[in-house]
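J.:
Protein chains: 2
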Amino acid sequence: MEKSRVLVVGGTGFVGRRMVRASLAEGHPTFVLTRPELGLAVDKVQMLLSFKAQGARLLEASLDDHRSLVAAVRQVDVVVSAMSGYDLLQQLKLVEAIKEAGNIKRFIPSEFGMDPAMMGHAIEPGRITFDQKMVIRRAIEDANIPHTYVSANSFACFFVGNLGQMRTLVPPKEKVLIYGDGNTKAIFIDEDDAGTYTIKSIDDPRTLNRTLYIRPKENILTQKEVIAKWENLSGKVLEKIPITGEEFLASGEGTDYINQVGVGHFYHIYYEGCLTNFEIGENGAEATLLYPEVEYTRMDEYLKRYL
Amino acid sequence: MEKSRVLVVGGTGFVGRRMVRASLAEGHPTFVLTRPELGLAVDKVQMLLSFKAQGARLLEASLDDHRSLVAAVRQVDVVVSAMSGYDLLQQLKLVEAIKEAGNIKRFIPSEFGMDPAMMGHAIEPGRITFDQKMVIRRAIEDANIPHTYVSANSFACFFVGNLGQMRTLVPPKEKVLIYGDGNTKAIFIDEDDAGTYTIKSIDDPRTLNRTLYIRPKENILTQKEVIAKWENLSGKVLEKIPITGEEFLASGEGTDYINQVGVGHFYHIYYEGCLTNFEIGENGAEATLLYPEVEYTRMDEYLKRYL
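Protein chains in written order, with full-length UniProt numbering: chain G, 1 to 307; chain Y, 1 to 307.
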């Protein structure tokens with residue numbers, strides 16, 4: 001079977017660059033949208049040039065120029081959006097272009113976290129990301145665009161490297177806050193693996209119009225289990241300070257917006273268990289079962305880089 | 001001879017990451033300063049972790065904590081500063097720490113552009129970068145710190161990829177502004193090569209307390225020569241629109257700060273010829289003569305990535 005042609009939108013972002021690399025690694029003809037408004041963003045320009053050197057093709061188009069977007073979409077079979085979480089509704093322009101182009105066999109909108117369909121009860125202000133993702137889903141389904149939604153759960157760099165602590169991305173040296181009893185199961189993914197599984201799914205009939213959940217068995221862990229792995233690797237025991245859900249929520253009040261969003265997400269994951277408190281239904285499929293050939297990264301392996 | 005131990009300050013920046021890579025490539029024990037205020041800067045954190053995976057050691061210290069800075073400096077022989085151009089005077093804190101530590105055999109302050117000693121006449125507001133670099137030089141010399149100043153002239157990504165055009169980093173498709181007669185000689189460097197030459201110089205007695213000028217013979221080119229190389233590669237002739245120095249300077253008036261800085265720098269380079277209108281004196285040394293073993297990138301080679 002010929003490999004589908006993939007267009008990544010938002011290819012220089014944290015998630016997008018992983019989609020580009022995974023698409024190239026899987027041998028897909030890979031296209032990356034570049035926007036005329038790049039200007040002097042030297043890191044983005046150099047990243048795009050390095051994708052090009054690795055075989056990707058750069059397609060120039062603007063979200064504010066419908067015609068250019070339709071032309072770009074017409075050159076590929078699959079569109080993977082990794083647009084920034086700060087304004088996910090910008091994707092409506094992409095949905096419009098895909099609808100008009102009419103040739104797209106699979107669209108992956110920018111999600112890659114908790115399943116927004118399970119987050120109807122989410123806390124303000126963080127819930128906006130789930131609400132916006134649901135708006136995009138409705139637009140996709142209303143336009144009958146073939147799609148896959150990817151729920152990649154918690155990226156290890158944001159939840160494991162910091163042992164689940166806020167405002168940092170590296171392991172604390174002395175003490176660690178424990179959310180509740182620390183025994184709620186969460187699901188952690190090496191962000192590179194999220195790219196691999198997503199790209200694996202794009203030509204797969206088993207994921208058509210379904211949600212792909214990435215739930216690697218060995219990465220379904222409690223906060224305490226993650227901390228124990230780190231203590232094991234570092235040979236140092238951390239002081240553990242339990243914090244109740246009420247205290248934790250109160251700690252976010254009056255803080256900056258980003259932190260408030262974080263507190264909400266952390267609460268859902270570590271107190272409610274929102275990643276693991278439901279079974280995958282008929283409209284879902286689990287990535288490690290579909291693609292057992294992928295050697296996903298275990299969290300003790302992931303943590304070694306912080307030693 | 002044992003390789004000196006190198007500490008890079010600002011190691012995740014555009015220049016700094018190239019210093020880290022060059023230092024590792026040359027086999028120096030390489031240390032990268034990390035600051036506690038990194039927080040959620042995920043790209044920087046991941047870059048630091050990747051340096052670590054390549055053999056660098058991360059040293060935690062803060063510019064606002066003199067003691068931590070002195071302790072970091074005491075662990076190495078050479079300090080390379082690649083701190084951001086937005087506030088070069090922050091380096092005074094580093095100079096203080098190096099002075100107190102007393103063990104540093106070579107300090108390379110953050111310069112890597114035009115020689116600030118030749119820019120006493122520079123235009124506002126861009127001249128602030130030269131003025132600040134001179135303040136740092138005076139502090140270094142007053143403290144008798146062994147040093148090398150590196151004048152890397154014009155980085156290709158900012159001056160060649162865009163054929164010398166403002167507000168973009170990629171070649172224009174239709175027309176190109178020509179500064180004056182387009183025949184002023186400038187000097188262009190692949191930014192990776194700037195890292196290589198800098199690190200080559202740090203243990204070299206010939207560069208002690210001197211300025212290292214990087215002037216690769218084949219990269220001393222006029223704007224018209226750069227454009228001709230691109231036209232040759234792309235097979236497309238661009239429309240050339242000459243602009244006088246007065247018109248060009250006027251074009252910057254009332255624009256944003258970054259653009260005004262850019263107009264000044266471009267004016268000095270393309271109209272005045274500030275990179276080539278002086279000979280290297282007794283206090284200078286030329287990098288390609290000192291290190292002929294380095295295969296520097298030629299600009300037609302550099303331009304191929306934009307095709």
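For glycine and all other residues, C-beta sits at the position ideal for the given N, C-alpha and C.
Who does lysine 175 of chain Y pair with in a DSSP beta bridge?
T.: In DSSP, lysine 175 of chain Y forms a bridge with Y:Glu239.
J.: In whole angstroms, give me the CA-to-CA distance for aspartate 153 of chain G and asparagine 103 of chain Y.
T.: Strictly speaking, residue 153 of chain G in this sequence is asparagine, with aspartate absent from that position. Those two C-alpha atoms are separated by around 49 Å.
J.: At the level of alpha carbons, what is the spacing between valine 45 of chain G and lysine 236 of chain G?
T.: In a straight line, the C-alpha of valine 45 of chain G is about 42 Å away from that of lysine 236 of chain G.
J.: Nearest CA to the CA of asparagine 232 of chain Y: which residue from Y:Asn283, Y:Leu40, Y:Asp192 and Y:Asp300?
T.: Among Y:Asn283, Y:Leu40, Y:Asp192 and Y:Asp300, the Cα nearest to that of asparagine 232 of chain Y is on Y:Asp300.
J.: Determine whether the beta carbon atoms of tyrosine 269 of chain Y and methionine 114 of chain Y lie at a separation below 9 Å.
T.: According to the sequence displayed, residue 269 of chain Y carries isoleucine and not tyrosine. Yes, the Cβ-Cβ distance between isoleucine 269 of chain Y and methionine 114 of chain Y is below 9 Å.
J.: CB isoleucine 227 of chain G to CB leucine 163 of chain G, shorter than 9 Å?
T.: Yes. Within cutoff.
J.: Pull up the distance between the alpha-carbon of arginine 5 of chain G and that of alanine 25 of chain G, whole angstroms please.
T.: So the alpha carbons of these two residues sit roughly 13 Å apart.
J.: Whole alpha helix (DSSP H) runs in the segment 190 to 234 of chain G with 4 or more residues, listed along the chain?
T.: You should have 191 to 201 and 223 to 234.
J.: Short of 8 Å in beta carbon distance, which residues of its chain neighbour leucine 59 of chain G, apart from the five on each side in sequence? Order them along the chain.
T.: Correct list, in chain order: Leu7, Phe31, Val32, Leu33, Thr34, Ala72 and Gln75.
J.: Assuming valine 160 of chain G contacts tyrosine 302 of chain G (C-beta within less than 8 Å), just tell me the rounded distance between them.
T.: That pair is a contact at about 6 Å.
J.: Assuming phenylalanine 112 of chain G and proline 146 of chain G make a contact with CB atoms under 8 Å, what is their CB distance in whole Å?
T.: Rounded, the Cβ-Cβ distance is 19 Å, inconsistent with contact.
J.: Are the beta-carbon atoms belonging to leucine 238 of chain Y and proline 292 of chain Y less than 9 Å from one another?
T.: No; because the gap between Cβ atoms is not below 9 Å, this pair is not in contact.
J.: Residues in its own chain within less than 8 Å of tyrosine 271 of chain Y by CB, not counting five upstream and five downstream?
T.: Closer than 8 Å at the Cβ level, and outside the excluded window around tyrosine 271 of chain Y, lie Tyr179, Gly180, Thr184, Gly245 and Phe248.
J.: Does the beta-carbon distance from glycine 281 of chain G to leucine 212 of chain G come in below 9 Å?
T.: No, these two residues do not count as a Cβ contact at 9 Å.
J.: Determine whether the beta carbon atoms of glutamine 223 of chain G and glycine 126 of chain G lie at a separation below 9 Å.
T.: No, the Cβ-Cβ distance between glutamine 223 of chain G and glycine 126 of chain G is not below 9 Å.
J.: Give a yes or no on whether the minimum CB-CB distance between valine 42 of chain G and chain Y is below 9 Å.
T.: So, interface residue.
J.: Cβ of threonine 255 of chain Y within 9 Å of Cβ of isoleucine 187 of chain Y?
T.: Cβ distance not < 9 Å, so threonine 255 of chain Y and isoleucine 187 of chain Y don't count as in contact.
J.: Closer than 7 Å by C-beta to arginine 18 of chain Y: which residues in its own chain qualify, once you throw out the five before and the five after it? Chain order, please.
T.: If we look at arginine 18 of chain Y and ignore the five residues flanking it on each side, its Cβ neighbours are Glu191, Asp192, Ala194 and Gly195.
J.: Cα-Cα, which of G:Lys93, G:Lys200, G:Ala101 and G:Leu40 is closest to arginine 21 of chain G?
T.: The shortest C-alpha separation from arginine 21 of chain G is found at G:Lys200.
J.: Under a Cβ-count criterion, where at least 16 other Cβ atoms within 10 Å of its own Cβ denotes burial, should tyrosine 267 of chain Y be classed as buried or exposed?
T.: Buried, because 16 or more other Cβ atoms sit within 10 Å of the Cβ of tyrosine 267 of chain Y.
J.: Cβ of glutamine 109 of chain Y within 9 Å of Cβ of glycine 182 of chain Y?
T.: The question names glutamine, but residue 109 of chain Y is proline in the sequence shown. Not closer than 9 Å, so no.
J.: Residues of chain Y with CB closer than 7 Å to the CB of threonine 168 of chain G, please, in chain order.
T.: Residues of chain Y passing the Cβ test: Gly39.
J.: Alpha carbon to alpha carbon, what distance is there between leucine 94 of chain G and leucine 63 of chain G?
T.: Computed Cα separation, rounded: 7 Å.
J.: Consult DSSP for serine 81 of chain G and reduce its assignment to one of helix, strand or coil.
T.: In the structure shown, serine 81 of chain G sits in a strand (DSSP, three-state: E or B).
J.: Please work out which residues of its chain come closer than 7 Å, Cβ to Cβ, to glutamate 286 of chain G, disregarding the five sequence neighbours upstream and downstream, and give them in chain order.
T.: Around glutamate 286 of chain G: Tyr213, Arg215 and Ile280.
J.: Could you confirm whether any beta carbon from chain Y is found closer than 9 Å to the beta carbon of phenylalanine 158 of chain G?
T.: Yes, because at least one Cβ of chain Y sits closer than 9 Å to the Cβ of phenylalanine 158 of chain G.
J.: To the nearest angstrom, how far is it from the Cα of residue 358 of chain G to the Cα of lysine 133 of chain G?
T.: Beyond the ends of chain G as shown, which are 1 and 307, falls residue 358 of chain G; an answer cannot be given.
J.: Need the endpoints of the alpha helix (DSSP H) that leucine 38 of chain Y sits in, please.
T.: Where leucine 38 of chain Y is concerned, there is no enclosing alpha helix (DSSP H), given that its DSSP letter is neither H nor E.
J.: Can you check DSSP and say which residues form a bridge with leucine 58 of chain Y?
T.: Its beta-bridge partners are Y:Val32.
J.: Would you call the CB atoms of alanine 61 of chain G and serine 50 of chain G closer than 9 Å?
T.: In this structure, serine 50 of chain G does not lie closer than 9 Å to alanine 61 of chain G by Cβ.
J.: Starting from leucine 92 of chain Y, trace the alpha helix (DSSP H) in both directions and tell me its first and last residue.
T.: Where leucine 92 of chain Y is concerned, the enclosing alpha helix (DSSP H) stretches over 91 to 101.
J.: Please classify glutamine 54 of chain Y: is it buried, with 16 or more other beta-carbons within 10 angstroms of its beta-carbon, or exposed?
T.: Glutamine 54 of chain Y comes out exposed.
J.: Counting only beta-carbon atoms, is tyrosine 306 of chain G nearer than 9 Å to chain Y?
T.: Cβ-Cβ to chain Y under 9 Å: yes for tyrosine 306 of chain G.
J.: Expressed to the nearest angstrom, what Euclidean distance is found between the alpha-carbon atoms of tyrosine 197 of chain G and threonine 288 of chain G?
T.: Going by the C-alpha atoms only, they are around 8 Å apart.
J.: Are the C-beta atoms of lysine 133 of chain Y and some chain G residue less than 9 Å apart?
T.: No, because no Cβ of chain G sits closer than 9 Å to the Cβ of lysine 133 of chain Y.
J.: Taking its Cβ as the centre, do 16 or more other Cβ atoms sit within 10 Å of proline 205 of chain Y, making it buried, or is it exposed?
T.: Answer is exposed; the Cβ neighbour count stays below 16.
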